[in-house]
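Written below as structure tokens is the structure these notes are about.
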Amino acid sequence: MIVVKVGGSAGIDYDAVCADLAARWKAGERLILVHGGSGETNRVAEALGHPPRFVTSPSGYTSRFTDRQTLEIFEMVYCGKMNKGIVERLQRLGVNAVGLSGLDGRIFEGRHKDSVRAVENGKVKVLRGDHTGTVERVNTGLIELLLGAGYLPVLTPPASSYEGVAINVDGDRAAAALAVALRADALLLLSNVPGLLRDYPDEASLIREIPAGDVEAYLEFAQDRMKKKVLGAAEAVQGGVKRVIFGDARAGQPVTAALEGAGTVVS
Ligand code: ADP
């Protein structure tokens, strides 16, 4: 089983990702796709007059402050436009894909965090009314049902809180939790960069290999959102996933290239 996560940043070639996935699926590989949608969510939120608000925690992690209206815009884009766009591409390629969010069948479950600590103008503030959380449990029943019946699952945040409230969760870490729960052979985190760069944004500074026991030491090279990918990779290998690969989704055959070792390989 291979879990492929494709991000939501500018430059990602979803046609290329879907074509590559479809070919591998038809050749008999077992796959699940998890996707993001942050770039498009930012555009739609601006257009709807509710621009995105990003907050940075005291430990340096950036996240989207998700009030109820933001959550609804998030769902429109992630579960609507992005998810159905990917499912449509796969269907056109002859793959019977089914798109679901983490709320559906409670595939992704976690604790609702209503408040977030954010550094603003050098001061730490507590912001309330947040709809975020972290995936703590993956309920694989529905996914196994779908895979067993020949469907390719296409999953996206939000997740469900234990109380059944939609929560915005990080897609990379959700994909990592899924890979652990399914005992996947590999987790691919595909984005708009060649992999983890030692000296971002210099693409020539690609880190080719990271020993599995040493992933957290590489957090120092990752800025802002890349940190979550490194954290997800650490969680996946600690949970028993043999290989995590940060790969490039901008062109070519992104899944095949990553599996052949083209990005940053954590193993
Ligand atoms: P996605 O939505 O595609 O999953 P993110 O935007 O969450 O991707 O994270 C990838 C981004 O992280 C890259 O586009 C890049 O701008 C940024 N980044 C920060 N530090 C690094 C680094 N050391 N190597 C690669 N990318 C980095």
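213 is the number that full-length UniProt numbering gives to position 213 of the sequence shown; each next residue is one higher, with no gaps. Positions of the beta carbon are idealized from the N, C-alpha and C atoms, including for glycine. In this text the structure is predicted, and so the values were computed from the model without any measurement.
Open item on the list: Checking 8 Å against the spacing of the C-beta atoms, do residue 86 and residue 154 come in under that value?
Closed with: Closer than 8 Å, so yes.
Task: residue 208 versus residue 246: straight-line alpha-carbon distance, rounded - done: 10 Å
Task: Nearest candidate by alpha-carbon position, reference residue 41, set 170, 73, 6 - done: 73
Task: In chain order, each alpha helix (DSSP H) run of at least 4 residues that lies wholly inside the stretch 170-230 - done: 171-181
Open item on the list: Residues in the same chain with beta-carbon distance under 6 Å from residue 265, minus the five sequence neighbours each way, listed in chain order, please.
Closed with: 209, 245, listed in sequence order.
TODO: State buried or exposed for residue 251, treating a residue as buried only when at least 16 other CB atoms are found within 10 Å of its CB.
DONE: Using a 10 angstroms sphere on the CB of residue 251, the tally of other CB atoms stays under 16, which defines it as exposed.
TODO: Report yes if the C-beta distance between residue 174 and residue 102 is below 8 Å; otherwise report no.
DONE: yes
Open item on the list: So, for residue 215: in the same chain, excluding its five sequence neighbours on each side, which residues have a beta-carbon less than 7 Å away from its beta-carbon?
Closed with: 230, 233, 234, 237, 266
Task: Reference residue 249; option with closest CA among 242, 259, 142 - done: 259
- [ ] Would you kindly report the start and end of the unbroken alpha helix (DSSP H) that includes residue 243?
- [x] It is not in any alpha helix (DSSP H) - residue 243 instead sits in the beta strand (DSSP E) that spans 243-248.
TODO: Confirm, please, whether the CB-CB distance from residue 37 to residue 82 is below 8 Å.
DONE: Taking the C-beta atoms as reference points, residue 37 is found nearer than 8 Å to residue 82.
Open item on the list: Output needed for residue 113: all residues of its chain with C-beta closer than 7 Å, excluding positions within five of it in sequence on either side, in chain order.
Closed with: Exclusion of the five residues before and after residue 113 leaves 130, 132, 133 as the residues of its chain whose Cβ lies within less than 7 Å of its Cβ.
Open item on the list: Can you give me the C-alpha to C-alpha distance between residue 65 and residue 195, rounded to a whole angstrom?
Closed with: 27 Å
- [ ] Measure the alpha-carbon distance for residue 156 versus residue 9 and round it to whole angstroms.
- [x] Rounded to the nearest whole angstrom, the C-alpha separation of residue 156 and residue 9 is 15 Å.
- [ ] Kindly examine ligand 1 and report whether one of its heavy atoms sits closer than 7 Å to the Cβ of residue 65.
- [x] no
TODO: May I ask whether a heavy atom of ligand 1 can be found less than 7 Å away from the beta carbon of residue 222?
DONE: yes
TODO: Please confirm if the stretch 161-168 is in contact with the stretch 88-96, defined as three or more CB-CB distances below 8 Å between the two stretches.
DONE: no
Open item on the list: Could you compute how far the alpha carbon of residue 192 sits from the alpha carbon of residue 48?
Closed with: 26 Å
TODO: Look at the alpha carbon of residue 32 and the alpha carbon of residue 185, and state the distance between them as a whole number of angstroms.
DONE: So the alpha carbons of these two residues sit roughly 12 Å apart.
Task: Helix, strand or coil at residue 19 according to DSSP, with G and I counted as helix - done: The DSSP-derived three-state label of residue 19 is helix.
Open item on the list: I'd like to confirm something about residue 38: is its beta-carbon nearer than 7 Å to some heavy atom of ligand 1, or not?
Closed with: yes
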